[in-house]
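Everything below concerns the one structure shown next.
Numbering (this note's numbering), first residue to last: 8 to 569.
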């Protein structure tokens, strides 16, 4: 196939690819001007290009074109020995070329050698190939498959030798090992580190996808196939000034600028990483390109906004999603993916490093740089990072509030006598001293006062108040509410149940404090997802509130809200 013929095929293919599939045949027939061979080859290329997840890099399109026009494959008859390398079996084949497993004689090491099909290589590209591969050989990073050598066969066929990696695709590894969200993010950050390393050396990948990221048995990643990467002229230039003549990318992971044939840059790799992260989190790609014509697929990528990964994840079958995410912060995960995948390159993360930094923020529970720093968002992050200290403070505050309520009960019982103040002060002092000193009057302040230790002491102290049942019931309610907020629902249920029993014994069933306890237990059953029991308790509280004499509007409102 001569150069002019190949350029003719490319031009017609790209013009037809943007049309709806129903219009492509008529357009190719008209533009080929009676050249049946040309029309047949272009229609075959269009058919292959329309397959889900297809890529001109992955599909055997060049081989198809060469076979139809020349009747021969330029890679047939490769010698068994290429310089220092002895060829073994074929381990991969695509439109760009064919990959062999090979051994290097002098080092007895295994490598992978990729031969590029001559049909893709104009004289200008062949000349540039050598300089680009020399640049790629400088990428020495533990997460990048090393490029060892590059040259050309006597007939001009380019080849390069790279590290042979045994592993599985990133998405397959995460799915098979049922990795948690945090584990997936840490693995993803390893990929980002490798891509950022290449960007620092002015090299962009341009075809990032899970099949180009292998995870080895030890859990480390290897980034593959910089064979179509591009060396940037300057790190200060956000996008390079050279457009690719061929659409060498995988549509499912391609950025809008690649679809449009516009210049690409570091933003292009940021977009692909966003798609990869989306797939790792949501379990599927952001855009379903199956059964789409090339034109429909392009319009989908260019015009439609991707659904939030959180929305997609919630639609997964329980067998897929079980145990995967727990209480992870989906709002932040949505921001991570959709910021990287913004259709406007300027609105994406400015670099892979910035993307990676936000992933690290998420893993540490810190605010994302990509989210507006509203006080609710930043405050919520602070609470999550410092929940132990805040929980201790909450326990103390709620206990003091509870004791104040106890004091009010005592004041009422004592008919506002002068002794009530003394009783309240002494009781508060005793309860708090026992709480913080563990009941040991000789002990000083606790050196390592933990939330659960504090709570256990509170329960034991409350259990000693059998001769003061009204005070005891109020403390059981306070402690039970705290345990519920800390997530210890069984203990919370026991304490709130004791509060209800104590109040019924004191006041009978038709009392405002009984309504209060019934509502507390109803809300707890909701947290336990025991909805039938929650409804029963709420109805009982509502009925009890309706029987109160005189009527209590606050109790009725609380029971109705439950």
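Just so it is clear, CB atoms sit at the ideal spot from N, CA and C, and this is done for glycine as well. All values reported here derive from a predicted model rather than from experimental measurement.
query, result
"Spell out a yes or no on whether the region 191 to 205 and the region 152 to 159 are touching, meaning 3 or more CB-CB pairs, one atom from each, closer than 8 Å.", "no"
"Let's see if you can read the secondary structure: which residues bound the alpha helix (DSSP H) around residue 317?", "316 to 321"
"Ignore the nearest five residues each way along the sequence and tell me which others in residue 227's own chain have a CB closer than 8 Å to its CB.", "149, 150, 197"
"Cutting at 6 Å between CB atoms, please list the residues of its own chain near residue 452, excluding the five before and the five after it.", "Below a pLDDT of 50, predicted positions are generally treated as unreliable, and residue 452, at 43, falls in that range; no measurement from the model is reported."
"Taking the straight line between their C-alpha atoms, what separation do you get for residue 39 and residue 48?", "11 Å"
"Any idea what DSSP makes of residue 262, helix, strand or coil?", "coil"
"Tell me the DSSP secondary structure of residue 3 in three-state form.", "Residue 3 is absent from the model: the chain starts at 8 and stops at 569."
"Is residue 501 helix, strand or coil when you go by DSSP?", "helix"
"Return the first residue and the last residue of the alpha helix (DSSP H) that residue 312 is part of.", "Premise fails: residue 312 is in no alpha helix (DSSP H) and is neither H nor E."
"Considering residue 200, what are the terminal residues of the beta strand (DSSP E) in which it resides?", "Run containing residue 200: none in the beta strand (DSSP E); it sits in the alpha helix (DSSP H), 188 to 207."
"Assuming residue 168 is part of the alpha helix (DSSP H), what are its boundary residues?", "Taken as a continuous stretch (DSSP letters only), residue 168 belongs to no alpha helix (DSSP H), being part of the beta strand (DSSP E) at 165 to 170."
"Does DSSP put residue 119 in a helix, in a strand, or in coil?", "strand"
"Here's the rule: buried if 16 or more other CB atoms are within 10 angstroms of the residue's CB, otherwise exposed. What is residue 505?", "buried"
"Rounded to whole angstroms, what's the CA-CA distance from residue 349 to residue 283? Just pull it up for me.", "14 Å"
"Can you tell me whether residue 223 is buried or exposed, with buried defined as 16 or more other CB within 10 angstroms of its CB?", "exposed"
"Looking at C-alpha atoms only, which residue of 304, 530, 88 is the closest neighbour of residue 543?", "530"
"Where are the alpha helix (DSSP H) runs, 4 residues long or more, that stay fully inside the region 9 to 45, in chain order?", "10 to 24, 28 to 38"
"For the candidate residues 187, 229, 214, 225, whose alpha-carbon lies nearest to that of residue 200?", "229"
"Roughly how far, in whole angstroms, is the beta-carbon of residue 211 from the beta-carbon of residue 276, given that I think they are within contact range, below 8 Å?", "5 Å"
"Buried or exposed: where does residue 521 fall if 16 or more other Cβ atoms within 10 Å of its Cβ makes it buried?", "buried"
"Checking the sheet assignment: what are the DSSP bridge partners for residue 157?", "167"
"What's the C-alpha gap between residue 20 and residue 233?", "25 Å"
"Would you mind working out which of 509, 169, 462 sits nearest residue 472, comparing C-alpha positions?", "509"
"Go ahead and pull the three-state DSSP assignment for residue 535.", "coil"
"Helix, strand or coil for residue 176? Go by DSSP, reduced to three states.", "strand"
"Identify which residue in 167, 367, 189, 262 has its Cα closest to the Cα of residue 347.", "262"
"On the DSSP letters alone, give me the boundaries of the alpha helix (DSSP H) that residue 85 sits inside.", "First-last for residue 85: undefined, no H or E at that position."
"Residue 120 and residue 168 - do their beta-carbons sit closer together than 8 Å?", "yes"
"So residue 123 and residue 107 are supposed to be a Cβ contact under 8 Å. How far apart are they, rounded?", "With a Cβ gap of about 13 Å, residue 123 and residue 107 do not count as contacting."
"Measure the alpha-carbon distance for residue 158 versus residue 166 and round it to whole angstroms.", "6 Å"
"How many whole angstroms separate the CB atoms of residue 482 and residue 507, which I take to be in contact at a CB cut-off of 8 Å?", "Not really, about 14 Å apart at Cβ, beyond 8 Å."
"For the beta strand (DSSP E) containing residue 228, list its first residue and its last residue.", "228 to 230"
"Apart from the five residues on each side of it in sequence, which residues of its chain come closer than 8 Å, Cβ to Cβ, to residue 291?", "319"
"Given residue 98, which residues of its chain have a CB within under 6 Å of its CB, disregarding the five upstream and five downstream residues?", "106, 108"
"Note the first and the last residue of the continuous beta strand (DSSP E) segment covering residue 222.", "220 to 222"
"On a CA-only basis, which of 298, 293, 315, 322 is nearest residue 308? Give me that one, please.", "293"
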